[in-house]
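Have a look at the structure below before the remarks.
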Amino acid sequence: METITAIHTRHSIGKVKPESLPRETIEKLLDAAVQAPNHHKVRPWRFVVLTGAGREKLGQVMADSFKARFPDAPAEAFEKEARKPLRAPLIIAVAADLPAEPKINELENICAAAAACQNILLAAYDLGLAAIWRTGDPSRDPEIKKFLGLSPDQPLLGFFYIGFPDFIPLESVARPSFEDRTVWME
Ligand SMILES: Cc1cc2nc3c(=O)[nH]c(=O)nc-3n(C[C@H](O)[C@H](O)[C@H](O)COP(=O)(O)O)c2cc1C
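With the numbering used here, letter number 149 in the sequence shown gets 152, and the count goes up by one each step, no holes.
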């Protein structure tokens, strides 16, 4: 697929089949992610691959976190939260490293990790997979970061829910133009 075509026609798909993905396919996604640009060659991205029971453990931590935030919510709400990571057979959590030396800039590390995120979405699309970038409160919760092996202040950019698409959108919906977001200085 032409890169420009992929950029224009890729769309997020949240509804996927439960079938797991071969490890080789997951590695292709990670391999695409690390082709992203980064300053000072620090490779500031971190990936946590969650499949099978790993997703169930994440769901439990997410439900506990939800309970801490909304102690009075009904039991069904906790159960719903626990089931969220089961929406896809594969979740890749993506985080950025905090700068380890003065010349390294946190924003630049986040930018590089975000570029890796977009590579995951485009690679998934090229491989015929469905993917969606999700964040929400869990991505900012120190307990969830701890579960993922991250430090509390480490930026967690999001969770990529990936699987075989359950449906293919009939047509690609064009996105709004760049025009109202652009100033030309000539
Ligand atoms: C940083 C970031 C966080 C997002 N978090 C969520 C989320 O938690 N839940 C959700 O439904 N969509 C979320 N989205 C939006 C979807 O990933 C998706 O980009 C959006 O629905 C637009 O669809 P498209 O990718 O087909 O253009 C997020 C997007 C970004 C960039």
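For each residue, glycine too, the CB sits at the ideal point set by N, CA and C.
Predicted model, so just to flag it, every value in this text is computed and none were measured.
For residue i: DSSP bridge partner residues
| i | result |
| --- | --- |
| Phe50 | Val97 |
| Phe163 | Ile95, Trp136 |
| Val1 | Because the chain is modelled from 4 through 189, residue 1 falls outside the range shown and cannot be assessed. |
For residue i, the nearest candidate out of the options (CA to CA)
| i | options | result |
| --- | --- | --- |
| Arg58 | Arg86, His42, Asp34 | Arg86 |
| Gln157 | Lys20, Leu130, Pro47, Leu125 | Pro47 |
| Trp136 | Ala98, Pro172, Leu110, Ile171 | Ala98 |
| Asp51 | Ile29, Gln38, His42 | Just to set this straight, residue 51 is Val in the shown sequence, not Asp. Cα-wise, what sits closest to Val51 is Ile29. |
| Gln63 | Leu160, Asp140, Lys83 | Lys83 |
| Leu101 | Met188, Pro155, His14, Ala126 | Pro155 |
| Phe69 | Glu182, Asp140, Gly152 | Asp140 |
Classification of residue i by the beta-carbon crowding that lies within 10 angstroms, buried from 16 upward
| i | result |
| --- | --- |
| Met65 | buried |
| Ala49 | Here residue 49 turns out to be Arg, not Ala, going by the sequence shown. Buried. |
| Phe167 | buried |
| Phe170 | exposed |
| Pro40 | exposed |
| Leu110 | exposed |
Rounded separation between residue i and residue j - CA only
| i | j | result |
| --- | --- | --- |
| Lys44 | Pro74 | 44 Å |
| Ala116 | Ala80 | 32 Å |
| Leu124 | Asp34 | 12 Å |
| Ala103 | Ala118 | 20 Å |
| Arg90 | Arg143 | 20 Å |
| Ile165 | Leu24 | 9 Å |
| Glu146 | Thr54 | 19 Å |
| Ile94 | Leu32 | 12 Å |
| Asn122 | Ala36 | 5 Å |
| Thr12 | Pro88 | 26 Å |
(request) Pull every residue with its beta-carbon under 6 Å away from any heavy atom of ligand 1, and keep them in chain order. (result) Qualifying residues come out as His14, Ser15, Ile135, Trp136, Arg137, Thr138, Gly139, Gly161.
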